[in-house]
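>
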Amino acid sequence: MTDNASNMVNAWAHLKAKLPIFAGGCAAHTINLLIQDVFKLSFFTAIRKEAVAITKFVRDHHALLDEFRNLQSTVIQAHDDLLDQFRSLHQATTLPSTDRRRALVLPIQTRWYTLHACLRSVMTNMVVIKKLFDASDNAELLSRYQVTASNRAPLDKVIAIIDDPDFWVRLEHAVKLIDPIVEVLRELESDKCATSRVYSLFRRLRTHSIYETSNRVIPTGLLTSIKTHIESRWKFVKTDAIKIAFLLDPSTDTSDFMENDMNESVAAAVAFAERAHLLGSTSSTAFTAALYAFGALKKGWSVQEKAQYAAAAPSHWWEDNSQFFEKTHPKVYDLAKLVFAVPTSSAASERAWSIFDFIHSKKRNRLTKDKVEKLAYIYINLAATTSTWIDVARVREYPESVTGPETEMVAEQV
């Protein structure tokens with residue numbers, strides 16, 4: 065498991081030619097690159113600039129930011145009538161019926177998913193932002209930023225964006241179009257995501273209803289461009305391991321294979337088994353038959369059975385059923401054991417590294433190995449003892465994950 069740089073792709077080819085291994089890129093990184101692709105489209109470039117302009121103006125002016133936080137606690141709780149008033153101006157949108165106390169988030173370079181976080185934070189705080197820049201309510205505060213022409217220009221630009229009803233409509237469309245991609249990213253970065261889920265999740269993206277050109281609300285050309293980028297990234301991330309894992313996952317259905325992927329999966333599985341010398345005395349013909357037989361067997365399982373199997377990790381399921389399938393489907397378990405050992409993302413490892421880096425920092429670098437391990441153990445398990453625990457390492461490493469005023473202060477301190 066590596067990133068998707070071209071030198072790594074060349075390394076995969078050399079390693080697979082010499083060793084019986086599966087090699088591939090980080091699926092979560094691929095999704096991040098997909099988000100980057102989408103935000104290069106002119107529709108998203110424009111809405112990103114506008115959302116960032118609002119966010120930067122609020123965050124760069126301390127008095128305005130302080131008033132923003134005060135309004136979050138008052139507008140949301142005590143001004144439902146104001147919420148309805150603003151909502152009536154934007155009937156074309158379906159903004160949330162209630163707003164959370166979510167901090168305004170600035171995107172971070174190369175972490176493309178933070179662009180979505182930025183847009184969503186602005187959309188969620190629509191009511192607060194409108195009230196904050198309402199001249200009738202905050203004339204004295206806003207006058208601070210109108211002293212000179214150079215000060216007035218940025219403020220006038222932000223107010224023009226906020227007062228434009230079309231901005232909020234386009235903002236909601238942008239968030240809705242990126243939401244499915246971010247949901248996929250979130251699952252791929254989880255600690256327990258099986259290899260087979262990469263195929264399932266990309267299949268969901270490729271067939272998602274929001275990207276259908278029959279959607280008359282969003283321009284057809286924009287939807288076509290997004291689908292083209294999804295297909296391009298899918299062709300890159302679709303490796304033999306991912307297809308074989310989808311075939312061998314007990315909770316999937318082989319009828320969900322797209323194009324000729326079912327036959328390609330079997331052919332890839334047989335080729336790998338021969339290269340890795342897994343077959344032993346079993347012929348390739350018998351192994352091929354066993355793979356197709358397992359695919360046919362899964363089709364006979366009920367929805368309830370598949371849901372039950374989905375609750376367990378595929379690797380654990382195969383381990384528990386290995387003796388039975390070794391008799392009826394020879395050598396399939398040996399292949400499953402290898403393919404489900406392939407991670408979908410390096411995110412879990414990176415989270416662990418960020419904690420160790422936070423504890424054994426450049427300024428605190430004389431700790432012994434045992435001391436670092438003990439402190440990391442205490443740090444990780446502290447979350448189980450308090451409901452107000454803040455992952456300081458995560459806030460420092462991933463400040464875009466900040467979701468409230470309290471954790472925002474921690475982010476500024478670290």
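Here the working numbering runs 64 ahead of the position in the sequence shown, where the first position is 1.
Each residue gets a CB set at the ideal place from its N, CA and C atoms; glycine is no exception.
Remember, it's a predicted structure, so these values are computed and weren't measured experimentally.
In terms of residues, what are the limits of the alpha helix (DSSP H) holding Glu-251?
For the purposes of this step, residue 251 is identified with residue 187 of the sequence shown, where counting begins at 1. That run of the alpha helix (DSSP H) goes 229-252.
> DSSP three-state label for Ile-172, please.
Here residue 172 is taken as the residue at index 108 of the sequence shown, counted from 1. Assignment of Ile-172 by DSSP, reduced to helix, strand and coil, places it in the strand class.
> Mapping DSSP to helix, strand and coil, what is Gly-88?
On the sequence shown, position 24 is the one that residue 88 refers to. DSSP places Gly-88 in coil when its eight states are reduced to three.
> What does the Cβ neighbour count give for Glu-204, buried or exposed, with the cut at 16 atoms within 10 Å?
Looking up residue 204 in the sequence shown gives position 140. Flag for Glu-204 reads exposed.
> Between His-78 and the rest of its own chain, which residues show a CB-CB distance below 7 Å, the 5 nearest in sequence each way excluded?
Within the sequence shown, residue 78 is the residue found at index 14, counting from 1. Around His-78: no qualifying Cβ.
> Thinking Phe-108 and Trp-176 are a contact (beta carbons under 8 Å), I'd like their distance in whole angstroms, please.
Against the sequence shown, residue 108 aligns to sequence position 44. Against the sequence shown, residue 176 aligns to sequence position 112. Taking C-beta atoms under 8 Å as the contact rule, Phe-108 and Trp-176 fail to qualify, at a distance of about 11 Å.
> Return the chain-ordered list of same chain residues with a C-beta closer than 6 Å to the C-beta of Val-262, the five sequence neighbours on each side being excluded.
Indexing the sequence shown from 1 puts residue 262 at position 198. Closer than 6 Å at Cβ, skipping near neighbours: Ala-91, Ile-306, Thr-408.
> Count the other C-beta atoms from every protein chain shown that fall within 10 angstroms of the C-beta of Glu-188, then say buried if there are 16 or more, exposed otherwise.
One-based indexing of the sequence shown puts residue 188 at position 124. The question names Glu, yet the displayed sequence has Thr at residue 188. Per the 10 Å Cβ criterion, buried.
> Could you compute how far the alpha carbon of Leu-168 sits from the alpha carbon of Val-239?
Locating residue 168 in the sequence shown gives position 104, counting from the first residue. Locating residue 239 in the sequence shown gives position 175, counting from the first residue. Computed Cα separation, rounded: 15 Å.
> Within its chain, find whatever has a CB closer than 8 Å to the CB of Ala-405; leave out the 5 residues flanking it on each side and keep chain order.
Taking the sequence shown and counting its residues from 1, one reaches residue 405 at position 341. Taken in chain order, the residues that qualify are Ser-379.
> Please report the straight-line C-alpha distance between Leu-311 and Leu-265, rounded to a whole angstrom.
Within the sequence shown, residue 311 is the residue found at index 247, counting from 1. Within the sequence shown, residue 265 is the residue found at index 201, counting from 1. Cα to Cα, Leu-311 sits roughly 14 Å from Leu-265.
> For Thr-303, list the residues DSSP reports as bridge partners.
Sequence index remark: in the sequence shown, residue 303 carries index 239 (1-based). In the DSSP output, where bridge partners are listed per residue, Thr-303 has none listed.
> In whole angstroms, what separates the C-alpha of Trp-298 from that of Pro-218?
Position 234 of the sequence shown, counted from the first residue, corresponds to residue 298. Position 154 of the sequence shown, counted from the first residue, corresponds to residue 218. Taking the straight line joining both Cα atoms gives about 41 Å.
> Looking at Trp-381: is its Cβ nearer than 8 Å to the Cβ of Pro-283?
For the purposes of this step, residue 381 is identified with residue 317 of the sequence shown, where counting begins at 1. For the purposes of this step, residue 283 is identified with residue 219 of the sequence shown, where counting begins at 1. Against a cut-off of 8 Å, the Cβ pair of Pro-283 and Trp-381 comes out as no contact.
> Can at least three beta-carbon pairs, one atom from the segment 234-254 and one from the segment 268-284, be found at a separation below 8 Å?
yes
> Using the three-state DSSP reduction, which class does Thr-259 fall into: helix, strand or coil?
On the sequence shown, position 195 is the one that residue 259 refers to. Reduced to three states, the DSSP call for Thr-259 is coil.
> Of all the options Leu-399, Asp-230, Arg-216, which has the alpha carbon lying nearest to the alpha carbon of Glu-338?
Residue numbering aside, residue 338 sits at position 274 when the sequence shown is read from its first letter. Of Leu-399, Asp-230, Arg-216, the residue nearest in Cα terms is Leu-399.
> Just tell me which of Ala-258, Arg-208, Gly-89, Lys-80 has its CA closest to the CA of Ala-127.
As a working note, residue 127 is residue 63 in the sequence shown. The option with the nearest alpha carbon to Ala-127 is Arg-208.
> With distances taken between CB atoms, is the gap from Gly-285 to Thr-318 smaller than 8 Å?
For this step, residue 285 is matched to residue 221 along the sequence shown. For this step, residue 318 is matched to residue 254 along the sequence shown. For Gly-285 and Thr-318, no; Cβs fall outside 8 Å.
> Which partner residues does Thr-66 have in the DSSP bridge list?
As a first step, residue 66 is located in the sequence shown; it is residue number 2 there, counting from the start. Beta bridge pairing from DSSP links Thr-66 with Gly-89.
> Can you round the beta-carbon distance between Ile-118 and Val-222 to whole angstroms, since I take them to be within the 8 Å contact cut?
Here residue 118 refers to the residue found at position 54 when the sequence shown is read from its first residue. Here residue 222 refers to the residue found at position 158 when the sequence shown is read from its first residue. The C-beta distance from Ile-118 to Val-222 rounds to 6 Å, short enough to fall under 8 Å.
> Is the distance from the Cβ of Ala-309 to the Cβ of Ala-353 below 8 Å?
As a working mapping, residue 309 is identified with position 245 in the sequence shown. As a working mapping, residue 353 is identified with position 289 in the sequence shown. Going by C-beta atoms, Ala-309 is not nearer than 8 Å to Ala-353.
> Suppose contacts are defined by Cβ-Cβ distances below 8 Å. Is Leu-105 in contact with Ser-345 by that definition?
Position 41 of the sequence shown, counted from the first residue, corresponds to residue 105. Position 281 of the sequence shown, counted from the first residue, corresponds to residue 345. No, the pair does not count as a contact, with Cβ atoms beyond the cut-off.
> Against chain D, does His-237 count as a neighbour if the rule is that its beta carbon must be under 8 Å from one of theirs?
Looking at the structure shown, chain D is missing, and only one protein chain is on hand.
> Kindly list the residues whose CB is nearer than 7 Å to the CB of Ser-260, restricted to its own chain and excluding five residues on each side of it in sequence; keep chain order.
Counting from 1 along the sequence shown, the entry for residue 260 is found at position 196. Counting only Cβ-Cβ distances below 7 Å, and skipping sequence neighbours, we find Ala-309, Phe-310, Asp-313, Thr-316, Pro-378.
> Just to confirm before moving on: does the CB-CB distance between Ile-442 and Val-248 stay below 8 Å?
Position 378 of the sequence shown, counted from the first residue, corresponds to residue 442. Position 184 of the sequence shown, counted from the first residue, corresponds to residue 248. Cβ distance not < 8 Å, so Ile-442 and Val-248 don't count as in contact.
> Helix, strand or coil for Lys-503 per DSSP?
With the chain covering 65 to 478 only, the question about residue 503 has no answer from this structure.
> Comparing alpha-carbon positions, which option in Ala-411, Val-436, Arg-415 lies nearest Ile-423?
As a working mapping, residue 423 is identified with position 359 in the sequence shown. Of Ala-411, Val-436, Arg-415, the residue nearest in Cα terms is Val-436.
> Taking the alpha carbon of Met-72 as the point to measure from, which residue in Pro-84, Gly-89, Ala-81 has its own alpha carbon closest?
What you label residue 72 is simply residue 8 of the sequence shown in a count that begins at 1. The shortest Cα separation from Met-72 among Pro-84, Gly-89, Ala-81 belongs to Gly-89.
> So Val-211 is in the alpha helix (DSSP H); what residue range does that whole segment cover?
On the sequence shown, residue 211 is found 147 positions in, with the first residue counted as 1. Looking at the DSSP string, Val-211 is not in any alpha helix (DSSP H), and its letter there is neither H nor E.
> Report the rounded CA-to-CA distance for Phe-197 versus Val-122, giving the unit in angstroms.
Here the question's residue 197 lines up with position 133 in the sequence shown. Here the question's residue 122 lines up with position 58 in the sequence shown. Approximately 10 Å, taken between the alpha carbons.
> Buried or exposed, going by whether 16 or more other CB atoms sit within 10 Å of the CB of Val-367?
Translated into positions along the sequence shown, residue 367 becomes position 303. The residue is exposed, with fewer than 16 neighbouring Cβ atoms inside 10 Å.
> Go ahead and label Thr-158 buried or exposed: buried means 16 or more other beta carbons lie within 10 angstroms of its beta carbon, across all protein chains shown.
Stepping through the sequence shown from its first residue, residue 158 is reached at position 94. In this predicted model, Thr-158 has a pLDDT of only 43, less than 50, meaning its place in the structure is not dependable; the value taken from the coordinates is given anyway. Thr-158 should be labelled exposed.
> Starting from His-380, trace the alpha helix (DSSP H) both ways and give me its first and last residue.
In the sequence shown, counting from the first residue as 1, residue 380 sits at position 316. 378-384 is the span of the alpha helix (DSSP H), which, as asked, contains His-380.
> DSSP state of Gly-285, grouped into three classes?
Working through the sequence shown from its first residue, we reach residue 285 at position 221. Helix, per DSSP.
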